[in-house]
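Shown next, in structure tokens, is the structure this report addresses.
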Amino acid sequence: MHTATAVAHPNIALCKYWGKRDAALNLPSTPSLSLTLAPFRTRTTVTWGAESDRIVFNGVENTALEGRKILGALDRLATLTGLGRPPCVVETENDFPTAAGLASSASGFAALVLAADAASKAGLSPEALAVLARRGSGSATRSLQGGWVEWSMGEAPDGSDSFGRAIAPADHWDVRMLVVLVRSGPKEIGSTQGMNHTMETSPYYPAWVEQAPADVVEARGAIIGRDLERLGRVTERSALRMHASMLAADPAVIYWKPETLTALEVVREARRAGIAGWATMDAGPNVKVLCAAADAPSLALRLTTAGLTAQVLTPGGPARVVG
Ligand code: DP6
């Protein structure tokens with residue numbers, strides 16, 4: 109029996125992943141690009157060799173879908189090493205709301221594969237671990253890396269070259285991401301289900317796929333050149349176009365709540381007043397606002413004046429084994 113613990117930060121996509129070209133391998137229809145964010149984090153302990161399989165999620169035994177997906181990731185790791193998998197205990201906790209569009213599955217699977225690799229003494233390469241994380245949840249392949257991360261689509265039929273790669277470390281650029289928590293409960297439609305339904309029924313989906321790669325090129329250039337205006341514009345438009353593809357699905361997938369639009373309006377008004385921030389929304393009603401470090405306090409004040417809450421996040425480091 110061996111035990112290991114790993115921590116990982118969530119990431120927020122600036123250029124979104126929304127749709128799969130291969131569901132079995134979990135390969136994306138588009139490239140995507142994200143920022144890993146501290147101090148939010150997931151902490152996961154894996155015991156490799158126990159009496160029976162157990163998943164404990166924020167202190168509560170879990171037998172639902174997430175539990176099966178977690179065991180699936182452990183099975184894949186065991187298959188890669190050619191060794192059998194003993195019963196395992198996985199204890200995982202988030203210090204931020206789970207499944208509310210704050211990328212908890214991203215930090216979750218990133219911490220899981222690192223802890224499982226260490227506990228099983230599998231010694232997989234960083235690339236193999238990044239692919240393993242992707243199979244658990246696509247966005248997780250970006251949370252293994254710190255800072256600014258690009259997940260390329262890859263070309264290999266087996267998906268072995270489709271994973272997150274750092275394009276710049278966390279300390280490359282001292283920006284801020286404000287999190288406006290509109291709802292903290294789990295979302296009504298999971299991201300996998302939401303993106304599959306969009307792919308199947310939205311006439312706007314092909315347009316989404318077609319324009320996404322150019323946005324990633326634009327965002328990468330903006331990050332390397334530290335051009336916040338350029339990055340902000342592409343960030344907001346990527347999110348709005350992703351949501352536009354869902355709004356055109358049949359029936360529509362609508363993650364937004366009234367406060368989501370209030371936050372968007374505050375951000376757009378602040379911009380008109382010369383305080384630069386750009387909004388992004390994922391598979392949930394919460395809003396994240398990218399801005400310069402110096403503008404974070406005044407943007408946060410505008411959001412709280414409008415009756416919202418705002419938490420300030422900073423670029424975070426890579427996932428790591430801590431014990
Ligand atoms: C809207 O990574 O949760 O947050 O691969 O099906 O587990 P699965 O999806 P997931 O989707 C994330 C979607 C998003 C955008 C993004 O993070 O790029």
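Under our numbering, residue 431 is the last one in the sequence shown; the count climbs by one each step, no gaps. Don't be surprised by glycine CBs; every beta carbon is placed ideally from N, CA and C. All figures in this text were calculated on a predicted structure; none of them were measured in a lab.
Can you say whether residue i is buried or exposed, counting buried as having 16 or more other CB atoms within 10 angstroms of its CB?
| i | result |
| --- | --- |
| PRO147 | exposed |
| LYS229 | exposed |
| ASP169 | According to the sequence as given, residue 169 is Glu; it is not Asp. Exposed is the call here. |
| ASN166 | exposed |
| ALA218 | buried |
| MET60 | Residue 60 is absent from the model: the chain starts at 109 and stops at 431. |
| GLY382 | exposed |
| GLY293 | exposed |
| SER245 | buried |
| SER233 | exposed |
| LEU409 | exposed |
| GLU174 | buried |
| ASP269 | exposed |
Please name the residue, chosen from the options, that lies closest to residue i on a Cα-to-Cα basis.
| i | options | result |
| --- | --- | --- |
| VAL115 | GLU199, ASP269, ALA357 and GLY244 | GLU199 |
| ILE362 | VAL324, GLY382 and LYS295 | LYS295 |
| THR300 | LYS128, TRP281, MET109 and ALA121 | LYS128 |
| ALA131 | ARG341, GLU308 and LEU220 | GLU308 |
| ALA248 | PRO136, GLU344 and SER346 | PRO136 |
| LEU145 | SER346, VAL375 and ASP203 | ASP203 |
| PRO405 | ARG379, VAL197 and ARG284 | ARG284 |
| ALA186 | ALA214, ALA236 and SER213 | ALA236 |
| ALA387 | PRO118, LYS124 and HIS117 | LYS124 |
| ILE178 | SER215, GLU344 and THR417 | SER215 |
| VAL257 | VAL420, SER140, GLU337 and ALA320 | SER140 |
| SER212 | ASN119, ASN134, GLY180 and GLY425 | ASN119 |
| VAL325 | PRO359, ARG380, VAL374 and SER260 | SER260 |
| ARG273 | PRO423, LEU416 and LEU143 | LEU143 |
Might you give, ordered along the chain, the residues of its own chain that have their beta carbon closer than 8 Å to the beta carbon of residue i, omitting 5 neighbours on each side?
| i | result |
| --- | --- |
| LYS365 | VAL290, ARG291 and PRO393 |
| THR111 | THR153, VAL154, THR155, TRP156 and ALA227 |
Taking 7 Å as the limit between beta carbons, can you name the residues of its chain near residue i, skipping five residues before and five after?
| i | result |
| --- | --- |
| CYS196 | VAL154, THR155, TRP156, ALA158, ASP161 and LEU182 |
| LEU372 | ALA387 and VAL395 |
| GLY192 | ALA186 |
| VAL58 | Examination of residue 58 is not possible in this model, given that the chain is present from 109 through 431 alone. |
Apart from the five residues just before and just after residue i, which ones in its own chain have a Cβ nearer than 6 Å to its Cβ?
| i | result |
| --- | --- |
| MET303 | TRP126 and GLY127 |
| SER346 | CYS123, LYS124 and ASP323 |
Cβ contact check for the segment 280 to 293 and the segment 244 to 253: 3 or more pairs under 8 Å: Cβ pair count under 8 Å is below three, so no.
Would you be able to state if there are at least three C-beta pairs under 8 Å between the segment 265 to 281 and the segment 328 to 340? The segment 328 to 340 makes contact with the segment 265 to 281, as at least three CB pairs between them are under 8 Å.
Contact the segment 305 to 321 vs the segment 342 to 355: 3+ CB pairs below 8 Å: Remark: three or more beta-carbon pairs, one from each stretch, lie closer than 8 Å, so the segment 305 to 321 and the segment 342 to 355 are flagged as touching.
So within the segment 357 to 393, which uninterrupted beta strand (DSSP E) runs reach at least 3 residues, ignoring any that extend past its ends? Those beta strand (DSSP E) runs which fall completely within the segment 357 to 393 and span 3+ residues are 385 to 389.
Minimum length 4: unbroken alpha helix (DSSP H) runs contained in the segment 177 to 251: Contiguous alpha helix (DSSP H) elements confined to the segment 177 to 251 occur at 212 to 228, 234 to 244 and 248 to 251, taking only those with 4 or more residues.
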